[in-house]
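Working notes, structure below.
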Amino acid sequence: MSGEQQVLSGAEILLKALSDQGVDMIFGYPGGAVLPIYDAIFQQNRIRHILVRHEQAAVHMAEGYARSTGRVGVVLVTSGPGATNAVTGLTDALMDSVPVVCLTGQVPTHLIGNDAFQEADTVGITRPCTKHNYLVRRIEDLARVTHEAFYIARSGRPGPVVIDLPKDVLMAKHVYANGAGIQHRSYRPRTKADTAEIARIVEMLAAAKRPVFYAGGGVINSGPKASRALTELVHLTGAPITLTLMGLGAYPASDKQFVGMLGMHGTYEANLAMAKSDLIVSVGARFDDRVTGRIDAFARGARKIHIDIDPSSINKNVAVDLGVVGDIAEVLGDVLAEWRRRRPAIDEKALAAWWKQIEDWRAVDCLKYVQDPNGPIKPQYAIDRLYHFTRGRETFITTEVGQHQMWAAQRFKFEQPNRWMTSGGLGTMGYGFPAALGVQLAHPEATVIDIAGEASILMNIQELGTAAQYRLPVKLFILNNQYMGMVRQWQELLHGGRYSESYSDALPDFVKLAESFHAVGLRCERPGDVDACIREMLAVDKPVVVDMRVDPKENCFPMIPSGAAHYDMLLGPNQKAAISDHGLTMV
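Using numbering that gives the first Met the number 0, you'd call the opening residue of the sequence shown number 0 and step up by one each time.
Encoded structure:
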């Protein structure tokens, strides 16, 4: 019988469809409802399975794999608690636009709705946290649904898709049909802008006296071609560019036109450039609250262009003058072609004055700090030294969530996309370490480092077992200040120094913890020892946990206080935050 007409079990059909989609790796955890799939995995060698220690971590590993490669990450979990444990990861992937296909086991079709053992309404539970989901009740639909799920996950604004798989469907037999070319009947994302929109972008850019580009993760999701087109367009126009937390790497950080990250902990010059501009060109970003600050005060004197693959994001948070729906690489490529065709005149005098103002803001040196050689290690210093020793390597950085995340974003310089993985939208503590494992599996020769806090890392520390089992030399660089640092900072600045439940009084010995998982543990307590500690960490071809004891009271600045305007920034500890009652309600 031909390869197009093979009679296979549902589990075999699933693996054949995954193989046809180019899947080479699955992150999962077995259970009764998915044992037919695990039996089929055992009998093939095309797809590698990575055994995680928790289903949430499986999704984060798939996210790290997807974001570092541009491919779809695949997750396999059992029914009931297996599926519900994946919900945080799925929500994280949805908010950060990460293409993931999550395969969940389900009780047999005749038991659905009967409260059977390990039954959960997976489709109902995951509907709000996925781009789309399926319950496959007939084996005849399995191959089509699988291929369709990959199309949905990777096209348009990427995101997670769940396929819920009853056990009897996995054990039934049917003919496999190749799914090449399968698309969703009603899902056809627009990728090209029309010529009038392209012409209008060029006209508005040419007429601007104080333009600024504001780019986000959508540029990276569009692929390397989009980053190259963005860089070329920024150079042609001479405008400054700022990046979101999720967009770091979309534009080379060493370029003189880059003014740093913007937002709550962004640079002074980036936030003021947005505030004082007369034209904002948003590319693959979504005007979220961390960027805009108080909406009614956001860039009131600027016209706004918003280019995004997702039509629902345009005019959602901020009203814009021109909304353009399309793939970033396609749209920017057309803008470049139109710009070269027209060769518009730019007001060079106005642009020079604009850059003079930006350089004055840069001179404030908003990221400065002082490292006392006899004092505690400043977290900024530790990250600066880490960057110094890794900048010549093929390096990927992931983070957990908190102060360490913001310091890493401020101080690491990314020259290309897909090198920076962090949880931006959901802000998931416990994201970084499993994401780093996914990155390392996709890039076995690279240096992969998770910059963590001592509180965040405990959320998924069990994945040291995964690192040990698969001999993954991921480095855990823990900035240990014994506090939930960002919570403590907000309590100090916004709640009168009432440090309610933000101090960790019973932390593990991270060195011994690492050793118990067959990893290497290192501890550093003095500024003079930081360099040697980092060198030793990088020299070891095993998982390494670094317990970097940093100043427990150091705060992360600049900072836009909750509810404040995006130009109302605290630059250091001597400034006091004026917080309204409304501001205290903001996160």
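Glycine included, each C-beta is placed from N, C-alpha and C at the ideal position.
Worksheet item: Of all the options 295, 37, 274, which has the alpha carbon lying nearest to the alpha carbon of residue 353?
Response: 274 is the residue among 295, 37, 274 whose C-alpha sits nearest the C-alpha of residue 353.
Worksheet item: Among 61, 533, 373, which one has its Cα closest to the Cα of residue 525?
Response: Shortest Cα-Cα distance from residue 525 to any of 61, 533, 373 involves 373.
Worksheet item: Are the region 83-95 and the region 421-437 touching by the rule of at least three beta carbon pairs closer than 8 angstroms?
Response: These segments touch.
Discussion item. Suppose you measure from the CA of residue 571 to the CA of residue 364; what does that come to, to the nearest Å?
Written reply: Cα-Cα distance, rounded: 11 angstroms.
Practice prompt. Under 7 angstroms Cβ to Cβ from residue 16, same chain only, skipping five residues before and after it: list those, please.
Written response: Same-chain partners within the cutoff: 142, 145, 146, 178.
Item to complete: Note down, in chain order, each residue of its chain lying with its Cβ closer than 8 angstroms to the Cβ of residue 0, except the 5 sequence neighbours on either side.
Response: The predicted position of residue 0 is uncertain, since its pLDDT is 42 and thus under 50; a value taken from the coordinates is nonetheless stated next. Annotation for residue 0: 6 place their beta carbon closer than 8 angstroms to its own, counting only its chain and skipping 5 residues before and after.
Item to complete: Would you give the residue range spanned by the alpha helix (DSSP H) that residue 481 belongs to?
Response: For residue 481, there is no enclosing alpha helix (DSSP H), since its DSSP letter is neither H nor E.
Worksheet item: Can you round the beta-carbon distance between residue 74 and residue 102 to whole angstroms, since I take them to be within the 8 angstroms contact cut?
Response: The pair is a contact, with the Cβ atoms about 7 angstroms apart (cut-off 8 angstroms).
Discussion item. Restricting to runs no shorter than 4 residues, where is the alpha helix (DSSP H) found entirely within the region 295-376?
Written reply: Counting only runs of 4 or more residues that sit fully inside the region 295-376, the alpha helix (DSSP H) segments are 327-341, 347-361, in chain order.
Practice prompt. Ignoring anything shorter than 3 residues or poking outside the region 70-103, list the beta strand (DSSP E) runs there in chain order.
Written response: Within the region 70-103, the complete beta strand (DSSP E) runs of at least 3 residues fall at 72-76.
Worksheet item: By Cβ distance below 7 angstroms, which residues in the same chain neighbour residue 218 in space, the five residues on each side in sequence not counted?
Response: Non-local beta-carbon contacts of residue 218 in its own chain, meaning distances under 7 angstroms to residues more than five positions away in sequence, involve 225, 226, 229, 246, 249, 282, 283, 327 in chain order.
Worksheet item: Is the beta carbon of residue 357 less than 8 angstroms from the beta carbon of residue 272?
Response: A contact, by the Cβ cut-off of 8 angstroms.
Discussion item. Quick test of your reading: residue 477 and residue 545, contact by CB under 8 angstroms. State the CB separation rounded to the nearest angstrom.
Written reply: With 8 angstroms as the limit, residue 477 and residue 545 qualify as a contact, their Cβ atoms being about 6 angstroms apart.
Worksheet item: In chain order, which continuous runs of the alpha helix (DSSP H) of length 4 or greater are located wholly inside the region 130-173?
Response: Taking only runs of at least 4 residues, the alpha helix (DSSP H) segments lying wholly in the region 130-173 are 141-153, 166-170.
Worksheet entry | CB-CB length for residue 200 against residue 304, believed under 8 angstroms | Correct: roughly 6 angstroms between the Cβ atoms.
Fill in: Distance CB(residue 420)-CB(residue 67) smaller than 8 angstroms
Contact: yes.
Fill in: As assigned by DSSP and simplified to three states, the class of residue 2
Low confidence applies to residue 2: its pLDDT is 46, below 50, so where it sits in the model is not reliable, and the reading given next is rough at best. Helix.
Worksheet item: Cα separation between residue 387 and residue 338?
Response: Roughly 38 angstroms separates the two Cα atoms.
Worksheet item: Could you check where the alpha helix (DSSP H) with residue 281 kicks off and where it finishes?
Response: Residue 281: not part of any alpha helix (DSSP H); member of the beta strand (DSSP E) spanning 278-282, first to last residue.
Practice prompt. Return the Cβ separation of residue 207 and residue 254 in integer angstroms, given the expectation that the two are a contact with Cβ distance under 8 angstroms.
Written response: 20 angstroms between Cβ atoms; not a contact.
Discussion item. As a quick exercise: from 369, 107, 540, 429, pick the residue whose alpha carbon is nearest that of residue 88.
Written reply: Sorting 369, 107, 540, 429 by C-alpha distance to the C-alpha of residue 88 places 429 at the top.
Item to complete: Count the other C-beta atoms from every protein chain shown that fall within 10 angstroms of the C-beta of residue 54, then say buried if there are 16 or more, exposed otherwise.
Response: By the neighbour-count criterion, in which a residue is buried when 16 or more other Cβ atoms sit within 10 angstroms of its Cβ, residue 54 is buried.
Item to complete: Entirely within the region 413-483 and at least 3 residues each: give me those beta strand (DSSP E) ranges in chain order.
Response: The DSSP assignment places complete beta strand (DSSP E) segments of no fewer than 3 residues inside the region 413-483 at 446-452, 474-479, in order along the chain.
Fill in: Distance CB(residue 190)-CB(residue 163) smaller than 8 angstroms
Contact flag unset, no.
Worksheet item: According to the Cβ coordinates, are residue 493 and residue 64 closer than 8 angstroms?
Response: Not closer than 8 angstroms, so no.
Item to complete: Hey, could you find the ends of the beta strand (DSSP E) residue 213 is sitting in?
Response: Residues 210-214.
Item to complete: Verify whether the separation of the beta carbon atoms of residue 32 and residue 172 is less than 8 angstroms.
Response: Going by C-beta atoms, residue 32 is not nearer than 8 angstroms to residue 172.
Item to complete: Any chance you could list the alpha helix (DSSP H) runs of at least 4 consecutive residues sitting entirely within the region 476-554, in chain order?
Response: If we require 4 residues or more, the alpha helix (DSSP H) runs fully inside the region 476-554 come out as 484-493, 509-515, 529-538.
Worksheet item: What's the call for residue 587, buried or exposed, on a 16-neighbour Cβ count within 10 Å?
Response: The question about residue 587 has no answer, for the chain in this structure spans 0 to 586.
Item to complete: Provide the residue span of the beta strand (DSSP E) that contains residue 116, from first to last.
Response: Looking at the DSSP string, residue 116 is not in any beta strand (DSSP E), and its letter there is neither H nor E.
Worksheet item: Got a sec? Which residues, its chain only, sit under 8 angstroms from residue 554 by beta carbon, not counting five neighbours each side?
Response: Result list for residue 554: 402, 488, 491, 492, 572, in chain order.
Worksheet item: How many whole angstroms separate the CB atoms of residue 550 and residue 416, which I take to be in contact at a CB cut-off of 8 angstroms?
Response: About 33 angstroms; that fails the 8 angstroms criterion.
Practice prompt. Mind listing, in chain order, the continuous beta strand (DSSP E) runs of no fewer than 3 residues lying wholly within the region 171-258?
Written response: Listed in chain order, they are 172-174, 210-214, 240-242.
Worksheet entry | Per-residue burial, residue 2 [other beta carbons within 10 Å of its own, 16 or more giving buried] | Confidence is the limiting factor: at residue 2 the pLDDT is only 46, short of 50, which leaves the residue's position unreliable and the question unanswerable from this model.
Worksheet item: Count the other CB atoms within 10 Å of the CB of residue 116; is the residue buried (16 or more) or exposed (fewer)?
Response: Exposed is the call here.
Fill in: Burial state of residue 601, where buried means 16 or more other Cβ atoms lie within 10 Å
Here the chain comprises residues numbered 0 to 586, so residue 601 is not present and cannot be evaluated.
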